[in-house]
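Peer 1: Sharing a structure, written as structure tokens. Questions coming.
In full-length UniProt numbering, the protein residues as written are 1 to 404.
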């Protein structure tokens, strides 16, 4: 017996590509893909013909030539005699560094502000509302410049740390906050350091495994296992024990004032700090609204039921409300992470050498290979964006509601 919803039976006809719902979406997708392919072919062919008429060609041989310029903040070894490819690599690593740091900090700011904005305390709630409305309605470039200007104007110069009665002093004789950046101790990796690092990574895995076990136990038996102190113990104890067992292979190189600047240690330049903080507080305001919407999407009956079981407000938020709110928070959070990565290209405004400043700036100007540099920039940002989107979508699928 057939129903009125059954698809019509019979031979295939061309009109079914439009009229039949079984083929309509595929037809439109095929047409869109064909138009896109023809557009790319037309633009590419037009580009090649114009270059040929101008006596030019597309070549990436310039990447092997010496760059001839210095970069102030590098994660890998680099000098002015290094190649343009190495300069591009330094820029890529700097971009990934600031994107990662800003994503982490913006998430912390956003979650805290989103939760506090729903606080019963009137003052705290209004302060968080002011934070959100101010920071998300002023362009991020302005915040970058404001924070960088404040750092360079207010923070003391390195010479202020000199003398018997210095104007400024180091924090714990290890951290120096100056207008050139923040100087912190740098680790020195000795023999056996790899074992300590692997132990630390294993401890991180152990923390996630234990917390997952505690969650399963809670769902299966209703018994709430402690997670805070066991996590702290797993985080510190194995690594510290292995550090002493291996003969303390990791030591610290402290910054020391010498001449007109600090030497030794690790310098977090003022451009990096300004960019990091500006991207974090700006994007954190948007994430705060996403978190607030996610929390409000959870039925109030969930909180009331958890309170009736004797859970405190903090435990209700962390164990009941936020886990359910993730299905609403994660999708827009992906867009915010992508925005951070793309907004990091504004780093050139304060002199931070990201990939846009190196490959899309100095290298492009020196070599004149605008098309090649822009294509490489497009490929890099496309790859990073698709990677972030893919990873976050996998996580989103793991937290969304499972429906039958």
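We put the beta carbon where it would ideally sit given N, CA and C, even for glycine.
Should residue 336 go down as buried or exposed, given a rule of 16 or more other Cβ atoms within 10 Å for buried?
Peer 2: For the purposes of this step, residue 336 is taken as the residue at position 336 of the chain shown. So residue 336 counts as buried.
Peer 1: Could you pull the start and end residues of the alpha helix (DSSP H) that residue 374 belongs to?
Peer 2: As a first step, residue 374 must be located in the chain shown, where it is residue number 374. First-last of the alpha helix (DSSP H) with residue 374: 370-399.
Peer 1: In whole angstroms, what separates the C-alpha of residue 167 from that of residue 161?
Peer 2: Position 167 of the chain shown, counted from the first residue, corresponds to residue 167. Position 161 of the chain shown, counted from the first residue, corresponds to residue 161. Their Cα atoms are separated by approximately 6 Å.
Peer 1: Going straight from the alpha carbon of residue 40 to that of residue 34, what length do you get?
Peer 2: The residue labelled residue 40 in the question sits at position 40 within the chain shown. The residue labelled residue 34 in the question sits at position 34 within the chain shown. About 10 Å.
Peer 1: Which residue marks the beginning of the beta strand (DSSP E) containing residue 363, and which one marks its end?
Peer 2: For the purposes of this step, residue 363 is taken as residue 363 along the chain shown, with counting starting at 1. Taken as a continuous stretch (DSSP letters only), residue 363 belongs to no beta strand (DSSP E), being part of the alpha helix (DSSP H) at 363-367.
Peer 1: Give the range of the beta strand (DSSP E) segment to which residue 324 is assigned.
Peer 2: Taking the first residue of the chain shown as 1, we reach residue 324 at position 324. It is not in any beta strand (DSSP E) - residue 324 instead sits in the alpha helix (DSSP H) that spans 322-343.
Peer 1: Note down, one range per segment and in chain order, each beta strand (DSSP E) of at least 3 residues found wholly within the region 197-280.
Peer 2: 250-253, 256-258, 261-263, 266-269
Peer 1: Between the alpha carbons of residue 349 and residue 164, how many angstroms are there, rounded?
Peer 2: Position 349 of the chain shown, counted from the start, is the residue given in the question as residue 349. Position 164 of the chain shown, counted from the start, is the residue given in the question as residue 164. C-alpha separation (whole angstroms): 38 Å.
Peer 1: Check whether the Cβ atoms of residue 334 and residue 299 lie closer than 8 Å to each other.
Peer 2: As a working mapping, residue 334 is identified with position 334 in the chain shown. As a working mapping, residue 299 is identified with position 299 in the chain shown. Their beta carbons are not under 8 Å apart, which means residue 334 does not touch residue 299 by this criterion.
Peer 1: Which residue or residues does DSSP assign as beta-bridge partners of residue 184?
Peer 2: Mapped onto the chain shown, residue 184 falls at position 184. The partner list for residue 184 (beta bridge, DSSP) reads 266.
Peer 1: List the residues that DSSP assigns as beta-bridge partners of residue 176.
Peer 2: As a position in the chain shown, residue 176 is number 176, starting the count at 1. According to DSSP, which records beta bridges pairwise, residue 176 is partnered with 183.
Peer 1: Go through its chain and collect everything with a Cβ distance to residue 260's Cβ below 7 Å, but skip five positions before and after it.
Peer 2: As a working mapping, residue 260 is identified with position 260 in the chain shown. If we look at residue 260 and ignore the five residues flanking it on each side, its Cβ neighbours are 158, 159.
Peer 1: Straight-line CA distance for residue 324 to residue 308?
Peer 2: For the purposes of this step, residue 324 is taken as the residue at position 324 of the chain shown. For the purposes of this step, residue 308 is taken as the residue at position 308 of the chain shown. Cα to Cα, the separation comes out at about 18 Å.
Peer 1: Which of helix, strand or coil does DSSP assign to residue 158?
Peer 2: Residue 158 sits at position 158 when you count from the first residue of the chain shown. Helix.
Peer 1: With a CB to CB cut of under 6 Å and the five nearest residues on each side skipped, what residues in its chain are close to residue 320?
Peer 2: As a working note, residue 320 is residue 320 in the chain shown. Here the set comprises 302, 306.
Peer 1: Alpha carbons only, please: which of 113, 145, 120, 150 is nearest the one belonging to residue 133?
Peer 2: In the chain shown, the residue the question calls residue 133 occupies position 133. Nearest C-alpha to residue 133: 113.
Peer 1: So does the region 187-197 actually touch the region 236-256, counting three or more Cβ pairs closer than 8 Å?
Peer 2: yes
Peer 1: Give the single residue among 366, 374, 396, 37 whose Cα lies nearest to the Cα of residue 67.
Peer 2: The residue labelled residue 67 in the question sits at position 67 within the chain shown. Checking every option, the nearest Cα to that of residue 67 belongs to 366.
Peer 1: Is it buried or exposed for residue 248, if we count other Cβ within 10 angstroms and need 16 for buried?
Peer 2: Within the chain shown, the letter at position 248 stands for residue 248. In summary, residue 248 is exposed, with fewer than 16 beta-carbon neighbours lying within 10 Å of its beta-carbon over all protein chains present.
Peer 1: Residue 288: which of 65, 135, 92, 94 sits nearest, CA to CA?
Peer 2: Here residue 288 is taken as the residue at index 288 of the chain shown, counted from 1. Out of 65, 135, 92, 94, 135 has the C-alpha closest to the C-alpha of residue 288.
Peer 1: Count Cβ pairs between the region 94-111 and the region 360-375 that sit closer than 8 Å; are there 3 or more?
Peer 2: no
Peer 1: For residue 253, which option in 230, 200, 270, 188 has the closest C-alpha, if you only look at C-alpha atoms?
Peer 2: Your numbering for residue 253 matches position 253 in the chain shown. For the residues 230, 200, 270, 188, the minimum Cα distance to residue 253 belongs to 188.
Peer 1: Figure out for me which residue from 238, 265, 292, 143 has the closest Cα to the Cα of residue 273.
Peer 2: Position 273 of the chain shown holds residue 273. It is 143 whose Cα lies nearest to the Cα of residue 273.
Peer 1: Exposed or buried, residue 391, counting other C-beta atoms within 10 Å across all chains shown (16 or more means buried)?
Peer 2: Numbered from 1 along the chain shown, position 391 holds the residue referred to as residue 391. The residue in question, residue 391, is exposed, as its Cβ has fewer than 16 Cβ neighbours within 10 Å.
Peer 1: Does the distance from the CB of residue 79 to the CB of residue 64 come in under 8 Å?
Peer 2: Counted from its first residue, the chain shown places residue 79 at position 79. Counted from its first residue, the chain shown places residue 64 at position 64. Cβ distance not < 8 Å, so residue 79 and residue 64 don't count as in contact.
Peer 1: Here's the rule: buried if 16 or more other CB atoms are within 10 angstroms of the residue's CB, otherwise exposed. What is residue 181?
Peer 2: For the purposes of this step, residue 181 is taken as residue 181 along the chain shown, with counting starting at 1. When all chains shown are included, residue 181 counts as buried.
Peer 1: Would you say residue 225 and residue 214 are within 8 Å of each other, going by their C-beta atoms?
Peer 2: As a first step, residue 225 is located in the chain shown; it is residue number 225 there, counting from the start. As a first step, residue 214 is located in the chain shown; it is residue number 214 there, counting from the start. Cβ atoms of residue 225 and residue 214: closer than 8 Å.
Peer 1: Quick one: measure Cβ to Cβ for residue 47 and residue 75, integer angstroms, because I've assumed they're closer than 8 Å.
Peer 2: Position 47 of the chain shown, counting from 1, holds the residue named residue 47. Position 75 of the chain shown, counting from 1, holds the residue named residue 75. Contact flag wrong, Cβ pair sits at about 34 Å.
Peer 1: What does the alpha-carbon distance come out to for the pair residue 55 and residue 49?
Peer 2: Within the chain shown, numbered from 1, the residue matching residue 55 stands at position 55. Within the chain shown, numbered from 1, the residue matching residue 49 stands at position 49. Using only the alpha carbons, I get a separation of about 10 Å.
Peer 1: Pop quiz: residue 352 and residue 271 are said to be a contact at Cβ under 8 Å. What is the actual Cβ separation, rounded to whole angstroms?
Peer 2: The residue labelled residue 352 in the question sits at position 352 within the chain shown. The residue labelled residue 271 in the question sits at position 271 within the chain shown. Contact holds; Cβ gap of about 4 Å.
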